[in-house]
Amino acid sequence: MSTPTDPARWLEGDVALITGGGSGIGKAVALRYLAEGAKVAIIGRDQAKLDTVIAESGQPENMLGLVADVRDTDALHQAVASTVERFGKLDILVPNAGIWDFNRSVTRLSGKELSESFDELFSINVKGYLLAVEAAWPELVKSRGNVVMTLSNASFHTAGGGPVYTASKFAARGLVYQLAYELAPKVRVNGVAVGGMNTDLRGPESIGLSERSIGDSFARSTITGNNPLIPLHDSSVDPVDFTGSYVLFASRNNSSNITGQIIQADGGIGIRGFGDKAAGGDAL
Ligand SMILES: NC(=O)c1ccc[n+]([C@@H]2O[C@H](COP(=O)([O-])OP(=O)(O)OC[C@H]3O[C@@H](n4cnc5c(N)ncnc54)[C@H](O)[C@@H]3O)[C@@H](O)[C@H]2O)c1
Numbered sequence: 006m007s008t009p010t011d012p013a014r015w016l017e018g019d020v021a022l023i024t025g026g027g028s029g030i031g032k033a034v035a036l037r038y039l040a041e042g043a044k045v046a047i048i049g050r051d052q053a054k055l056d057t058v059i060a061e062s063g064q065p066e067n068m069l070g071l072v073a074d075v076r077d078t079d080a081l082h083q084a085v086a087s088t089v090e091r092f093g094k095l096d097i098l099v100p101n102a103g104i105w106d107f108n109r110s111v112t113r114l115s116g117k118e119l120s121e122s123f124d125e126l127f128s129i130n131v132k133g134y135l136l137a138v139e140a141a142w143p144e145l146v147k148s149r150g151n152v153v154m155t156l157s158n159a160s161f162h163t164a165g166g167g168p169v170y171t172a173s174k175f176a177a178r179g180l181v182y183q184l185a186y187e188l189a190p191k192v193r194v195n196g197v198a199v200g201g202m203n204t205d206l207r208g209p210e211s212i213g214l215s216e217r218s219i220g221d222s223f224a225r226s227t228i229t230g231n232n233p234l235i236p237l238h239d240s241s242v243d244p245v246d247f248t249g250s251y252v253l254f255a256s257r258n259n260s261s262n263i264t265g266q267i268i269q270a271d272g273g274i275g276i277r278g279f280g281d282k283a284a285g286g287d288a289l
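Residues in the sequence shown are numbered consecutively from 6, following this note's numbering.
Structure (structure tokens):
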């Protein structure tokens with residue numbers, strides 16, 4: 006599966022800003038939005054990574070790379086201003102930049118490690134999302150635009166991370182609901198709770214996990230046992246195959262009456278029941 010070769014161009018003429026667009030699902034959404042007719046600005050901490058995505062897109066005139074840390078409100082305001090200066094407006098914000106805790110249990114962290122990794126991870130995964138919305142909402146009000154947040158299976162279920170990551174993703178789910186309420190009726194706010202994907206997702210620097218990537222240790226078998234769709238439909242863990250829900254929510258024509266909603270694009274983790282689908286143990 007991949008980005009459709011003949012996309013419906015549901016975002017023709019729109020302008021999007023995506024945090025964490027230098028890799029993973031942020032990059033995949035950026036390229037999909039481009040294919041759907043949008044102009045796209047991507048935020049990341051590494052100019053070279055952003056440049057690579059822009060070169061890969063084949064449409065450098067329709068992309069903008071912005072170096073910013075999502076914990077820095079001034080940098081986010083500057084990124085919104087630069088996007089509007091380059092493309093004239095802002096229709097879609099995708100708060101997405103995040104880190105993971107590599108399932109570190111409360112029993113495997115000292116109090117100091119827990120405290121430091123909590124502050125670092127929450128400042129990116131939760132504060133980073135809220136600060137991005139704070140920087141962008143005036144432009145989104147002008148365009149009657151929308152926000153699509155990257156959530157996670159860990160926004161609904163245990164064991165998608167340790168307690169710090171799970172709490173951060175439940176908090177981000179709270180932001181979808183609260184901000185959908187606060188920004189209505191002019192700005193819609195929705196979320197895509199993606200399941201396990203093969204990306205470059207890193208961990209907190211404060212506990213020595215910033216150089217470790219989920220992609221290095223990604224084992225397909227750890228997903229299959231918990232995912233009803235994997236054996237039947239061969240559900241992919243390629244981020245490209247998670248982008249459709251982001252297009253649906255961002256599209257005015259197709260979602261103008263939808264806000265405060267979350268699509269769980271996770272292969273059916275929530276309905277996995279007691280059977281062993283991965284082993285083919287059913288009548289189908
Ligand atoms: N990979 C998975 O299995 C998975 C599952 C569920 C949810 N998610 C979520 O998807 C989102 C994107 O992660 P990904 O899996 O694509 O990983 P990724 O590391 O490939 O992408 C995240 C991007 O955010 C950037 N980033 C990190 N901290 C930043 C900061 N302080 N300021 C600016 N940019 C920063 C990174 O450099 C990276 O380019 C995250 O919110 C993550 O929690 C991932």
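Quick reminder that beta carbons are idealized off the backbone N, C-alpha and C, glycines included. These numbers were taken from a predicted model, which means no experiment stands behind them.
Quiz item: Is the beta carbon of arginine 207 sitting closer than 7 Å to the one on isoleucine 129?
Solution: Within the sequence shown, residue 207 is the residue found at index 202, counting from 1. Within the sequence shown, residue 129 is the residue found at index 124, counting from 1. No, Cβ-Cβ distance for arginine 207 and isoleucine 129 is not below 7 Å.
Self-check item: Secondary structure of isoleucine 263, DSSP reduced to three states
Solution: By one-based count along the sequence shown, residue 263 stands at place 258. DSSP places isoleucine 263 in coil when its eight states are reduced to three.
Quiz item: Run through DSSP, which three-state label would leucine 114 get?
Solution: Translated into the one-based positions of the sequence shown, residue 114 becomes position 109. Of the three classes helix, strand and coil, the one that applies to leucine 114 here is coil, per DSSP.
Quiz item: Identify the residues that DSSP records as bridge partners of glycine 196: which are they?
Solution: By one-based count along the sequence shown, residue 196 stands at place 191. Bridge partners of glycine 196: Met154 and Ile267.
Exercise. Flag aspartate 74 as yes when its Cβ comes closer than 6 Å to any non-hydrogen atom of ligand 1, and as no otherwise.
Key: The residue given as residue 74 occupies position 69 in the sequence shown. Indeed, a heavy atom of ligand 1 lies less than 6 Å from the Cβ.
Quiz prompt | Nearest-angstrom Cα separation, counted from arginine 91 out to alanine 185 | solution = Indexing the sequence shown from 1 puts residue 185 at position 180. Indexing the sequence shown from 1 puts residue 91 at position 86. So the two alpha carbons sit approximately 27 Å from each other.
Quiz item: Short check: CB of serine 122 to CB of serine 211, under 7 Å?
Solution: The count along the sequence shown starts at 1 and reaches residue 122 at position 117. The count along the sequence shown starts at 1 and reaches residue 211 at position 206. Taking 7 Å as the Cβ cut-off, serine 122 and serine 211 qualify as a contacting pair.
Exercise. Please classify valine 20: is it buried, with 16 or more other beta-carbons within 10 angstroms of its beta-carbon, or exposed?
Key: Start at 1 with the first residue of the sequence shown, and residue 20 comes out as number 15. Buried: at least 16 other Cβ atoms inside 10 Å.
Quiz item: Going by the beta-carbon positions, is the gap between tyrosine 170 and alanine 159 smaller than 7 Å?
Solution: Here residue 170 is taken as the residue at index 165 of the sequence shown, counted from 1. Here residue 159 is taken as the residue at index 154 of the sequence shown, counted from 1. Yes, these two residues count as a Cβ contact at 7 Å.
Quiz item: Would you report the Cα separation of glutamine 266 and valine 199, rounded to the nearest angstrom?
Solution: Against the sequence shown, residue 266 aligns to sequence position 261. Against the sequence shown, residue 199 aligns to sequence position 194. Their Cα atoms are separated by approximately 14 Å.
Self-check item: Backbone secondary structure at lysine 44 - three-state DSSP
Solution: The residue given as residue 44 occupies position 39 in the sequence shown. If DSSP states are grouped into helix, strand and coil, lysine 44 belongs with the strands.
Quiz item: Does DSSP put valine 245 in a helix, a strand or coil?
Solution: Within the sequence shown, the letter at position 240 stands for residue 245. Reduced to three states, the DSSP call for valine 245 is helix.
Quiz item: Just how far apart, CA to CA, sit isoleucine 263 and glutamate 139?
Solution: Here residue 263 corresponds to residue number 258 of the sequence shown, with the count starting at 1. Here residue 139 corresponds to residue number 134 of the sequence shown, with the count starting at 1. Cα to Cα, isoleucine 263 sits roughly 21 Å from glutamate 139.
Quiz prompt | Cβ neighbours of serine 62 in the same chain (closer than 7 Å, five flanking residues each side left out) | solution = Translated into positions along the sequence shown, residue 62 becomes position 57. Shown here for serine 62: same chain residues with a beta carbon closer than 7 Å to its own, the five before and five after excluded, namely Leu36, Leu39 and Met68 in chain order.
Quiz item: Hey, would you say the C-beta of valine 245 is under 6 Å away from at least one heavy atom of ligand 1?
Solution: Locating residue 245 in the sequence shown gives position 240, counting from the first residue. When distances are taken from the beta-carbon of valine 245 to the heavy atoms of ligand 1, even the shortest one reaches 6 Å or more.
Quiz prompt | Closest by C-alpha distance to asparagine 203, when choosing among Leu81, Pro168, Pro244 and Pro190 | solution = Here residue 203 refers to the residue found at position 198 of the sequence shown. Measuring from the Cα of asparagine 203, the nearest candidate turns out to be Pro244.
Quiz item: Would you say glycine 28 touches ligand 1, meaning its beta carbon is less than 6 Å from a heavy atom?
Solution: Along the sequence shown, read from residue 1 onward, the residue named residue 28 stands at position 23. First, the residue type needs correcting, since residue 28 is serine and not glycine in the sequence shown. Flag set: Cβ of serine 28 near ligand 1.
Quiz item: Between methionine 154 and leucine 145, what straight-line distance do the alpha-carbon atoms span, to the nearest angstrom?
Solution: Within the sequence shown, the letter at position 149 stands for residue 154. Within the sequence shown, the letter at position 140 stands for residue 145. Distance between the alpha carbons of methionine 154 and leucine 145 is about 14 Å.
Quiz item: Using a Cβ-Cβ cut-off of 7 Å (strictly less than) and excluding sequence neighbours within five positions of tryptophan 142, which residues of its own chain qualify?
Solution: As a first step, residue 142 must be located in the sequence shown, where it is residue number 137. Around tryptophan 142: Leu188 and Val192.
Practice problem: Less than 8 Å between the CB atoms is what I'm expecting for phenylalanine 254 and asparagine 101, so what's the real figure, rounded? | Solution: Position 249 of the sequence shown holds residue 254. Position 96 of the sequence shown holds residue 101. Not really, about 13 Å apart at Cβ, beyond 8 Å.
Practice problem: Please find out if some non-hydrogen atom of ligand 1 comes closer than 6 Å to the beta-carbon of arginine 91. | Solution: Within the sequence shown, the letter at position 86 stands for residue 91. No; taking the cut-off as 6 Å, the Cβ of arginine 91 has no heavy atom of ligand 1 nearer than that.
Self-check item: C-alpha gap between lysine 32 and glycine 26, whole angstroms
Solution: In the sequence shown, residue 32 corresponds to position 27, counting from 1. In the sequence shown, residue 26 corresponds to position 21, counting from 1. So the alpha carbons of these two residues sit roughly 5 Å apart.
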